[in-house]
Amino acid sequence: MRKIKDVLRLKLDAQLSHRQIAAALGMSKAVVTKYLGLAAAAGLDWAAVQGIDEVALERRLLVAPERPRDHVQPDYGRLHQELRRKGMTLMLLWEEHRADYADRQTYGYTQFCENYRRFAKQLKRSMRQVHRAGEKLFIDYAGPTIGLTDGSRAHIFVAALGASSYTYACATPHETMKDWLESTARALAFIGGVPQLSPAGDKAVNQQQQLM
């Protein structure tokens with residue numbers, strides 16, 4: 054059962070912290086923050102809240118009104134790509150969007166984030182993983198072997214950075230531990246560095262490898 058009015062009373066009247074309110078009412082700090090943010094956006098103070106019952110208050114804060122159609126719509130596909138960059142956050146992207154369209158009507162931060170999350174949920178599962186620049190390197194032997202003129206077969210080793218998909222590939226005669234290690238060393242030399250996350254776990258031959 055929602056306790057919106059109690060949250061507002063403890064904050065606006067009793068001046069308790071978000072953490073104290075969450076503990077007193079048995080709810081998460083995130084929910085407390087959400088209710089207080091909605092009240093602030095609606096311009097409500099304790100004097101205004103006192104005269105509203107819980108049902109009316111809930112309807113006023115949680116039932117989204119029809120939004121104007123002239124908001125500048127962000128390019129959520131571009132935002133999704135930008136979030137791959139190291140240190141990038143939705144807050145920074147929202148501030149950049151507001152600055153770019155300072156003379157137009159833009160969404161508030163909460164609605165901006167909600168719209169992006171709704172967009173992200175529509176993506177295929179394989180597209181929803183976020184990689185940070187320089188964080189991970191994926192390695193594997195890819196596809197079937199390739200026949201050579203002398204009758205032998207070449208095994209193709211591939212390494213790719215998660216965020217940029219910057220790729221290195223080479224051929225080896227086999228897929229032995231020696232081949233794996235030498236190919237990985239050559240890939241790191243080609244890239245010019247190592248991923249931020251250190252290696253962990255055993256190598257599983259014929260499965261995707263991830264240096265984490």
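In the numbering used here, the protein residues as written are 54 to 265.
All C-beta atoms in this analysis are idealised placements derived from N, C-alpha and C, irrespective of residue type, glycine included.
Given the structure is predicted, the values throughout are model-derived calculations rather than measurements.
Item	Value
Every unbroken alpha helix (DSSP H) within the stretch 60-101, with a cutoff of 4 residues, ordered by chain	71-78, 82-94
Strand pairing of V211, partner residues [DSSP]	D193, A222
Continuous alpha helix (DSSP H) stretch holding S236: start and end	230-244
Sheet register partners of R206 (DSSP bridge)	G200
Helix, strand or coil at Y160 [DSSP, three-state]	coil
Option in A93, V125, Y88, M141 with minimal Cα separation from E107	Y88
Stretch-stretch touch, CB-based, cutoff 8 Å, three pairs: the stretch 236-249 with the stretch 184-202	yes
Alpha-carbon spacing of A173 relative to Y129, whole angstroms	8 Å
Check whether V102 and L136 have beta carbons under 7 Å apart	no
Endpoints, alpha helix (DSSP H) assigned at E188	No alpha helix (DSSP H) holds E188; DSSP gives it neither H nor E.
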